[in-house]
Amino acid sequence: MARVFIGVDPHKLSATIEVVDDRENVLATGRFATDKAGYAAMRKHVASYPERTWAVEGSNGAGRPLAQRLLADEEYVVDVPAKLSARARLFDTGHNRKTDAHAVAVVAVRTPALRVLAYDVQLEALRFLVDRRAELSRARIQCVNRVHRLLSELVPGQSKRDITTGQAGRILATVKPRDVAGKTRRRLAAEQIAELVTIEKKIKALTKELKEMVLASGSTLMELPGVGPVVAARTLADTGDVARFADRNRFASWTGTAPIEASSGEVIRHRLSRAGNRRMNHMIHIAAATQIRLDTEGRAYYRRKLAAGKSRREAMRCLKRRISDALYRRLRADAAEAGPGGHSGAALQSSAAGFNPHTGTSDQPLPGPAPTTLPAPTTTRKTTTPRALQPAP
């Protein structure tokens with residue numbers, strides 16, 4: 001039996017599917033709940049098609065839970081970017097779950113180079129831990145702000161913004177309020193300090209666990225200057241299979257470090273890209289700030305850009321692009337060292353900004369997206385013919 005393609009429009013509580021053959025003929029449709037019973041019913045609905053490809057829209061977003069369940073059940077799953085399915089929907093009338101699932105299936109039929117997903121339990125565990133640490137970091141910031149506010153009310157002028165838990169405890173020990181409001185404020189401050197101590201202990205333990213997991217995976221990302229356990233873990237968890245990026249330019253586009261050309265006439269300039277994975281962009285920013293703070297080749301590179309007339313922000317963007325390229329090279333080297341099905345682990349020597357300190361800034365626009373067989377969107381404009389002015393009556 002010929003292979004069929006199952007387009008999936010995923011949502012939190014339901015998933016709409018459409019089964020098509022290689023000629024885009026609709027064979028079956030259905031909408032199922034995402035609970036255990038609904039998932040089982042969905043798989044039973046397509047069980048008569050042994051050669052099947054599941055095409056899930058946004059497998060790194062809303063479609064991730066469903067895609068991971070399918071992979072765990074050894075299904076063949078490909079990722080359909082939302083932009084491609086949106087292009088396919090341009091030629092459909094209306095917008096509903098059925099047309100969305102149909103657009104996803106059409107993209108799967110017409111686009112031969114979609115990314116094939118793979119299930120890696122170690123990367124999934126790494127993702128859970130790094131996400132949890134990010135949640136704790138946000139909770140810590142909120143807790144620090146509350147402690148600072150309460151201490152500023154109890155002891156005006158003595159609480160600085162970068163206060164530590166030890167300093168906060170010592171300041172609080174000197175406060176002996178007499179009224180009910182002051183006592184309540186002091187009690188709340190003590191509770192917030194205790195909560196902050198607990199959060200910091202959890203963050204420290206998670207950071208240690210992330211470091212152990214990154215090293216156990218065989219990754220050499222932490223050998224790069226400015227790349228610690230958190231940056232390395234986020235890079236591994238969010239990147240997944242680095243082979244899905246054809247070159248360093250596409251990786252930079254994904255990390256949001258590739259500038260976008262905004263030239264006009266003879267003026268050649270580039271502007272900041274707000275697209276891409278903002279979590280990865282933040283991690284690269286942390287690595288860049290660390291390199292600038294320490295005596296590294298990245299710091300020398302940053303200063304050369306300042307001496308060349310670039311602003312601090314422009315120099316930082318150049319350095320972030322260099323770090324993105326370094327991460328990509330190291331990921332590719334680790335993958336090549338591991339081989340298919342193995343763990344990554346290369347011992348190559350490289351620097352985030354020092355492979356060739358005198359090369360350009362990589363401030364070049366990216367090449368276009370990978371070609372597909374989807375028709376390009378067309379627009380029509382109404383043309384008007386000028387009419388001669390008529391004299392007023």
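Residue numbers for the sequence shown follow UniProt numbering, beginning at 1 and rising by one. All C-beta atoms in this analysis are idealised placements derived from N, C-alpha and C, irrespective of residue type, glycine included. Only a predicted model underlies this, so the values are computations on that prediction, with no experimental measurement involved.
Item, Value
"Sheet register partners of Ser264 (DSSP bridge)", "Val267"
"Neighbourhood of Thr372 by C-beta, 7 Å cutoff - its chain only, sequence neighbours within 5 removed", "Only weak support is given to the placement of Thr372: the predicted model assigns it a pLDDT of 47, under 50, and the question is left unresolved by the model."
"Straight-line gap, Val180 to Leu71 (C-alpha atoms, nearest Å)", "59 Å"
"Neighbour-count burial assignment, Glu191, 16 or more Cβ in a 10 Å radius", "exposed"
"Burial state of Leu272, where buried means 16 or more other Cβ atoms lie within 10 Å", "exposed"
"Distance, Lys36 Cα to Val116 Cα", "24 Å"
"Selected residue, minimal CA-CA separation from Thr16, among Asp22, Met222 and Thr34", "Thr34"
"Identity of the residues DSSP links to Arg31 by a beta bridge", "Thr16"
"Contiguous alpha helix (DSSP H) assignments of at least 4 residues, all confined to the UniProt domain \"Transposase IS110-like N-terminal\" (6-156)", "36-45, 64-72, 82-89, 97-110 and 121-154"
"Whether Leu136 touches Ile193 by CB criterion (8 Å)", "no"
"Leu221 burial status per 10 Å Cβ neighbour count (16 or more: buried)", "buried"
"Three-state class that DSSP yields for Val227 in the structure shown", "coil"
"Assumed close pair Ala246, Ala252 - CB separation to whole angstroms, cut-off 8 Å", "In fact, because the Cβ distance is near 12 Å, the residues do not count as touching under 8 Å."
"Pro50 versus Ala2: straight-line alpha-carbon distance, rounded", "9 Å"
"Assumed close pair Asp9, Ala118 - CB separation to whole angstroms, cut-off 8 Å", "Contact doesn't hold; Cβ gap of about 22 Å is too wide."
"Top-ranked residue by Cα proximity to Ala234, from Ala173, His45 and Arg133", "Sequence inspection shows Arg at residue 234; the Ala mentioned does not correspond to that position. Of the listed residues, the one whose Cα sits closest to Arg234 is Arg133."
"Met222, enclosing alpha helix (DSSP H) - first and last residue", "Unbroken run through Met222: none, as it is neither H nor E."
"Beta-carbon spacing of Ala103, Val20 below 8 Å", "no"
"Unbroken alpha helix (DSSP H) run spanning Ile284, endpoints", "Arg278 to Arg293"
"Thr361 - DSSP class collapsed to helix/strand/coil", "Any answer about Thr361 is weak, because its pLDDT of 40 lies below 50 and its placement is not dependable; what the coordinates show is given next. Reduced to three states, the DSSP call for Thr361 is coil."
"Separation of Ser59 from Arg269, as counted between CA atoms", "35 Å"
"Which of helix, strand or coil DSSP assigns to Ala233", "helix"
"Chain B contact for Asp247 (CB, 8 Å cutoff)", "In the displayed structure, chain B is absent; only one protein chain is listed."
"Endpoints, the alpha helix (DSSP H) within which Ala252 is located", "Arg248 to Thr255"
"Burial state of Pro225 (16 or more Cβ within 10 Å)", "buried"
"Closest Cα partner of Ser14 within the set Val26, Ala55 and Pro65", "Pro65"
"Proximity winner among Val197, Gly276, Leu206 and Ala101, relative to Gly166 (alpha-carbon distances)", "Val197"
"Backbone secondary structure at Val175 - three-state DSSP", "coil"
"Span of the alpha helix (DSSP H) around Thr164", "First-last for Thr164: undefined, no H or E at that position."
"Environment of Leu150 [buried if 16+ CB atoms lie within 10 Å]", "buried"
"Alpha carbon of Ala336 to alpha carbon of Leu236, nearest angstrom", "15 Å"
"Among Ala243, Lys204, Arg69 and Glu74, nearest to Leu114 - alpha-carbon criterion", "Ala243"
"Cut-off 6 Å between Cβ atoms - residues of its own chain near Thr290, not counting five sequence neighbours on either side", "Gly226"
"C-alpha gap between Arg23 and Ser217, whole angstroms", "43 Å"
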